[in-house]
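Protein chains in written order, with the numbering used here: chain Y, 1 to 198; chain B, 199 to 595.
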């Protein structure tokens, strides 16, 4: 019995490790806290720079808003390096929901580590009443996730457990509550065991 | 191993799994029940039918009213612990809601009541079984992977009606017919599946007065909870005549020129078996009915929890062979891997890292023209292992 229980506990803790072998992409930037909006339409574009934290950048995901799904115009995403357009992707507003993380995937940029890129979002045919918005935070930084094709399995596994640690420590109250609950249950089961012995 | 240690480890595993596994269904359900606290909505069916804000992403509520009031009431109780961002998270339809800063807190708190019903079933098993069988039963109930997956990974609330169904069965065996009827009615008021087993209670030995009272109470409680909503077309469409409730009758065969539901045919077979062999225990018939549901329909993963308390009884009382159980478990998981929905498999781990959202469904490893055959074979294996268990259970006394 104890062995089986041990297998389950270790299995749950190691599950991410085993599943990671089917992963082909890893995340880089992961800034999801963005609730303010900035609109782009006609000649008004959205521009922001970012630094890629890893090599092999192959997609950028941004949080966009297509209010009441009104916009059905072309949306162009451009990525520039040192002022030159190196990647361009076009999608249609029809495919953007009212608050949605939208992926712009492109050919891999191999030596992207620590390089500064500028991204532009334009939609020349959109008007003010059907404009698409980008979500940004108070500092003007957009909600952004970057994906990179895998270069090292070991780095991926370390990243997964480091993501877990970061996210666990993000919510201190959860950790305290979790620990108190565990201690409480240990106390109750011990009481139960002592009562049985008497 | 001591029972206290079994309980402690069971709780530890649930504390581990609950916050780390996320299926969007738990957020979807809690979005709908949140309107009880935020807007004071009592008729959720009509509200969602007419609400433009949720028309696209939350168009309906498919469960009976008691589910709405119970889960909505619980949400009101824990609101201070959930925090101010919870409502915003509920309305995040972006597909990356698992990346919320407070996701672990939400998942643990929303799944916490399931542990109460889960351990309550464990308690009932201890009360029902002889002393020498308790540890085995507890071990099977608390550590089998189907329970952990259906309740704490998927996060659906089927453990609640499953508890009331098992409680009804337990109270019936103790001849406490009034409370047994009330329990079954309450279970049906969460999800209607307990109504399937009513006839089998009536075939067991008890005074006809007790049986009549039991039926009145069980159906009555269920009916009373539905009464205020019967005039709502949205309620009728989404709950009474929903696609889910009709699904078990969809598999049909032609008999004498008529299309007959396979489920009804085999259900009639179980009724006949009970009439011919009075000694078949009630738990074996309940087990058989639920396994029959899964064998003839495209069932949802969380439905399996309905049968698990009775499968636990079968495991300890009839000694189901290990190979049979392993076959059942493996085919169960294979069925859902072959659904092609990554949120039933790897994407469940998205709260750990968004990387797990990028893994495509495992069905992409199988060529599309072979997929239906593989799915069919897996379903057959599940049906076969269910059949073996059913036969062993029906042969018991």
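C-beta atoms are modelled at their ideal positions from N, C-alpha and C, and glycine is treated no differently.
Note that the structure is predicted; figures quoted are calculated from it, not measured.
Query                                                                                                                                                                 : Result
Could you spell out the range, first to last residue, of the beta strand (DSSP E) harbouring residue 36 of chain Y?                                                   : 36-40
Using a Cβ cut-off of 8 Å, pull out every chain B residue sitting near residue 199 of chain Y, in sequence order please.                                              : With chain Y covering only 1 through 198, there is no way to say anything about residue 199 of chain Y.
Can you tell me where the beta strand (DSSP E) holding residue 147 of chain Y begins and where it ends?                                                               : 144-149
The stretch 15-42 of chain Y: which residues have C-beta closer than 9 Å to a C-beta of chain B, in chain order?                                                      : 15, 16, 19, 20, 22, 23, 24, 25, 26, 27, 30, 32, 33, 35
Looking at chain B, which residues of the stretch 144-171 of chain Y have a Cβ within less than 8 Å of any of its Cβ atoms?                                           : 145, 147, 156, 159, 160, 163, 164, 167, 168, 170, 171
So what does DSSP say about residue 135 of chain Y, is it helix, strand or coil?                                                                                      : strand
Check residue 199 of chain B in the structure and name its three-state DSSP category.                                                                                 : coil
How long is the line joining the alpha carbons of residue 480 of chain B and residue 98 of chain Y, rounded to whole angstroms?                                       : 52 Å
Report the three-state DSSP secondary structure of residue 328 of chain B (helix, strand or coil).                                                                    : coil
If you draw a straight line from the alpha carbon of residue 471 of chain B to that of residue 461 of chain B, how long is it in whole angstroms?                     : 15 Å
Can you find at least 3 beta carbon pairs, one from the stretch 334-352 of chain B and one from the stretch 386-401 of chain B, that sit closer than 8 Å?             : no
Any idea what DSSP makes of residue 247 of chain B, helix, strand or coil?                                                                                            : helix
Any Cβ of chain A within less than 8 Å of the Cβ of residue 293 of chain B?                                                                                           : The displayed structure is made up of protein chains Y and B, and chain A is not among them.
Taking only beta-carbon atoms, is residue 49 of chain Y less than 8 Å away from chain B?                                                                              : no
Where does the unbroken alpha helix (DSSP H) through residue 353 of chain B begin, and where does it stop?                                                            : Counting along the chain, residue 353 of chain B falls outside any alpha helix (DSSP H), and DSSP gives it neither H nor E.
Along the chain, where does the alpha helix (DSSP H) containing residue 589 of chain B start, and where does it finish?                                               : 569-592
When DSSP labels each residue in this structure, what does residue 299 of chain B get in the three-state scheme?                                                      : coil
Which stretch, first to last residue, makes up the alpha helix (DSSP H) that contains residue 157 of chain Y?                                                         : 153-170
Note down the Cα distance separating residue 85 of chain Y from residue 77 of chain Y, rounded to an integer number of angstroms.                                     : 10 Å
My understanding is that residue 560 of chain B touches residue 578 of chain B, with C-beta atoms under 8 Å, so please give their C-beta distance in whole angstroms. : Rounded, the Cβ-Cβ distance is 20 Å, inconsistent with contact.
Report the three-state DSSP secondary structure of residue 453 of chain B (helix, strand or coil).                                                                    : strand
Hey, how far is the Cα of residue 116 of chain Y from the Cα of residue 134 of chain Y?                                                                               : 20 Å
Hey, would you say residue 352 of chain B sits closer than 8 Å to residue 315 of chain B, going by beta carbons?                                                      : no
Which residues does DSSP pair with residue 74 of chain Y in a beta bridge?                                                                                            : Y/92
Does residue 544 of chain B have its Cβ less than 8 Å from a Cβ in chain Y?                                                                                           : yes
Find out if the Cβ-Cβ distance for the pair residue 323 of chain B, residue 510 of chain B is shorter than 8 Å.                                                       : yes
Residue 580 of chain B: which of B/551, B/514, B/497 sits nearest, CA to CA?                                                                                          : B/497
In the DSSP assignment, what are the bridge partners of residue 565 of chain B?                                                                                       : Per DSSP, none; premise fails for residue 565 of chain B.
Buried or exposed: residue 524 of chain B, going by 16 or more other Cβ atoms within 10 Å of its Cβ?                                                                  : exposed
Using a Cβ-Cβ cut-off of less than 7 Å, list which residues of the stretch 175-187 of chain Y approach chain B; keep chain order.                                     : 178, 181, 182, 185, 186
Rounded to the nearest angstrom, how far is the Cβ of residue 236 of chain B from that of residue 514 of chain B, given a contact under 8 Å?                          : Contact flag wrong, Cβ pair sits at about 46 Å.
Run through chain Y and tell me which residues come within less than 8 Å of residue 550 of chain B, C-beta to C-beta.                                                 : 16, 160, 163, 164, 167
Use the C-beta contact count for residue 360 of chain B: other C-beta atoms within 10 angstroms, 16 or more gives buried, fewer gives exposed.                        : buried
To test your reading of the DSSP string, which unbroken alpha helix (DSSP H) runs of 4 or more residues are found completely within the stretch 491-559 of chain B?   : 506-515, 520-535
Can you check DSSP and say which residues form a bridge with residue 107 of chain Y?                                                                                  : Its beta-bridge partners do not exist; DSSP assigns none.
In chain Y, what lies closer than 8 Å to residue 214 of chain B by C-beta?                                                                                            : 9, 12, 13
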